Amino acid sequence: MIKKKLLIISGKVQGVGFRYWMQNLAINNNISGWVKNRSLGDVEALIIGQEKEVQKLIKQCKIGPSSATIQKIQINDYNQNYSEKGFNIF
56 MIKKKLLIIS
66 GKVQGVGFRY
76 WMQNLAINNN
86 ISGWVKNRSL
96 GDVEALIIGQ
106 EKEVQKLIKQ
116 CKIGPSSATI
126 QKIQINDYNQ
136 NYSEKGFNIF
């Protein structure tokens with residue numbers, strides 16, 4: 056079953072390669088969507104894929120790359136259409 060989740064990841068997540076790290080993980084786990092920096096200093100990401108892969112990516116985001124410090128992840132269901140292929144960085 057395909058799951059669509061919108062994540063807001065807070066902590067030291069900008070300027071540490073977080074978006075590129077997440078893009079690499081997403082592509083390797085057949086997840087589509089996007090990731091972008093937000094003006095408040097956190098990162099927002101849309102992840103779409105099989106439930107097992109989505110949960111695996113969320114679990115990895117709670118740890119983050121070694122240069123990041125994750126304080127909190129807000130996870131919401133995403134109900135809008137998104138049909139882009141691949142995983143983009145904005």
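Per our numbering, the sequence shown starts with residue 56, numbered consecutively. Built from N, CA and C at the ideal position, the CB exists for glycine as well. Bear in mind that the values here come from a model prediction, so they are computed numbers and not experimental data.
- Counting only runs of 3+ residues, the beta strand (DSSP E) found wholly inside the stretch 106–132 occupies 124–132, in chain order.
- In the pairwise beta carbon analysis, the stretch 118–138 is classified as touching the stretch 57–76: at least three pairs are separated by under 8 Å.
- Looking at the backbone, the Cα of Gly119 and that of Val68 are separated by about 8 Å.
- A distance below 7 Å between beta-carbons, with the five flanking residues on each side excluded, links Gly96 to the following residues of its chain, in chain order: Gln69.
- Spatial neighbours of Gln115 in its own chain (CB-CB distance under 7 Å, excluding positions within 5 residues in sequence) are listed in chain order as Leu80.
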